[in-house]
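K.L.:
Throughout, this note's numbering is defined as the position within the sequence shown, counted from one, plus 1439.
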Amino acid sequence: MIPGDAWEKIRYRTLDAVASKSRVAGERYACMAAAVEARMHPERLRIARDRIARAFDLEEDEAERIFRRCLISEAREEADTAWLLRSRAPLGDLIRVPGAEPADSGPAIYVSLHFGSPIVTFLYLRAVRGIQVRAIGRPLGASNPLSGAKRAWGERKVDWVSRCSRTTFVGVDAAGAVEAREELLAGNSLFAVIDVPADVVARSTRFDLFGESILLAGGVLRLAQITGVPLVPVTGRRDGRAIEIEYDTPIPQASGSAVTRSVNAWMLRTLERHPDEWWLWPFVNRAAEPPQQSGFR
1440 MIPGDAWEKI
1450 RYRTLDAVAS
1460 KSRVAGERYA
1470 CMAAAVEARM
1480 HPERLRIARD
1490 RIARAFDLEE
1500 DEAERIFRRC
1510 LISEAREEAD
1520 TAWLLRSRAP
1530 LGDLIRVPGA
1540 EPADSGPAIY
1550 VSLHFGSPIV
1560 TFLYLRAVRG
1570 IQVRAIGRPL
1580 GASNPLSGAK
1590 RAWGERKVDW
1600 VSRCSRTTFV
1610 GVDAAGAVEA
1620 REELLAGNSL
1630 FAVIDVPADV
1640 VARSTRFDLF
1650 GESILLAGGV
1660 LRLAQITGVP
1670 LVPVTGRRDG
1680 RAIEIEYDTP
1690 IPQASGSAVT
1700 RSVNAWMLRT
1710 LERHPDEWWL
1720 WPFVNRAAEP
1730 PQQSGFR
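(1) In or out: residue 1450 buried (at least 16 other Cβ within 10 Å) or exposed?
(2) What does the alpha-carbon distance come out to for the pair residue 1487 and residue 1692?
(3) Which residue comes first and which comes last in the alpha helix (DSSP H) that contains residue 1687?
(4) Within a Cβ cutoff of 6 Å, which residues of the same chain sit near residue 1554, ignoring the five residues on either side of it in sequence?
(5) Report the partner residues of residue 1644 according to the DSSP bridge assignment.
(6) Pick out whichever of 1645, 1561, 1525 has its Cα sitting closest to the Cα of residue 1700.
(7) Who pairs with residue 1630 in a beta bridge, going by DSSP?
(8) Quick one: Cα of residue 1619 to Cα of residue 1712, how far?
(9) Should the region 1502 to 1514 be called in touch with the region 1643 to 1662, which here means at least 3 C-beta pairs below 8 Å?
(10) Let me check one thing: in DSSP terms, what residues is residue 1675 bridge-paired to?
(11) Determine the DSSP secondary structure at residue 1719, reduced to helix, strand or coil.
(12) Do you know offhand how far residue 1507's Cα is from residue 1477's?
(13) To the nearest angstrom, how far is it from the Cα of residue 1707 to the Cα of residue 1591?
(14) Take the Cβ of residue 1490 as the centre, count every other Cβ of all protein chains shown within 10 Å, and call the residue buried at 16 or more, exposed below.
(15) What's the C-alpha gap between residue 1736 and residue 1636?
(16) What whole-angstrom Cβ distance do residue 1575 and residue 1611 have, given they're in contact under 8 Å?
(17) In terms of residues, what are the limits of the alpha helix (DSSP H) holding residue 1703?
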């Protein structure tokens, strides 16, 4: 078995040397990285396989194949980012939007998942559609668990996103909560992935994951309530050579429980259509009270 640090060095050296050069090489990188990750983390594989099997009433081998494709999806997102960073290809040339786009009619929180291509989805909103939107994200500081080669790649990725979007991330701490609220009150929008497991956050909300009660971050939903802005669900995923952007029906201002139900229903619809694009099958936890901390989430 390759030690974790050694594998990270191999993985991200391969990402730079191979995946960044072409889309075909990127696909090979994604398949290779996914195969190694599955072998290195058998417990994650087991948890994800069992959860997917329960969710969709599948045999274990089919559930495992779905999760292996999730691992490919996550690695493919890295490969696409590396290729875009190196090639400087116009982002808009890679995007396909098959359905109608909701109008940019005022401040909103665009919500997405750890699914497919979340960074490209944000950049599409900001750099292609021209919406004044900023992404909420955890900084690569001392509190972030990334290390070694993965951290170095993450720093390059954040720098690239900042250059493409010409803006910075809004943090997830108490200062970030204030900044996020001010952005919305000023008429601007935010982008956030909302499936952050509640064991790393303070405020949590119960969601149903195909009959299993889980806790996810609740700060974004509370922010929408406080400011009265709608939530706009949006995802991006690779379909052939294009990245397809898919919107769902905007969720207007409502009570906390109604918003949660609407967001939960959208999440389940999304996972039913594309269970092999969600990266967090092994990481969300059954509902239990998380430790209370201060901050945005």
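Heads up, the beta-carbon is just placed ideally off N, CA and C, and yes, glycines get one too.
P.N.:
The relevant details are as follows:
(1) Counting the other CB atoms within 10 Å of its CB gives residue 1450 a total of 16 or more, which places it among the buried residues.
(2) When the Cα atoms are used, residue 1487 and residue 1692 turn out to be separated by approximately 34 Å.
(3) Looking at the DSSP string, residue 1687 is not in any alpha helix (DSSP H), and its letter there is neither H nor E.
(4) Answer for residue 1554: 1674, 1716, 1717, listed in chain order.
(5) Under DSSP, the beta-bridge partners assigned to residue 1644 are 1655.
(6) The shortest C-alpha separation from residue 1700 is found at 1645.
(7) For residue 1630, which the question treats as bridged, DSSP gives the partners 1549, 1574.
(8) Between the alpha carbons of residue 1619 and residue 1712 lies a distance of about 31 Å.
(9) When Cβ pairs closer than 8 Å are counted between the two stretches, the region 1502 to 1514 is seen not to touch the region 1643 to 1662, the count staying below three.
(10) Answer by DSSP bridge pairing, in chain order: 1684.
(11) Coil.
(12) For residue 1507 and residue 1477, the distance between alpha carbons rounds to 7 Å.
(13) Cα to Cα, the separation comes out at about 34 Å.
(14) With at least 16 other beta carbons inside 10 angstroms of its own, residue 1490 counts as buried.
(15) Low local confidence applies: a pLDDT of 45 at residue 1736 is under 50, so the model's placement there is unreliable, and no value is given.
(16) Residue 1575 to residue 1611, Cβ: 6 Å. Contact.
(17) Per DSSP, the continuous alpha helix (DSSP H) segment holding residue 1703 begins and ends at 1695 to 1712.
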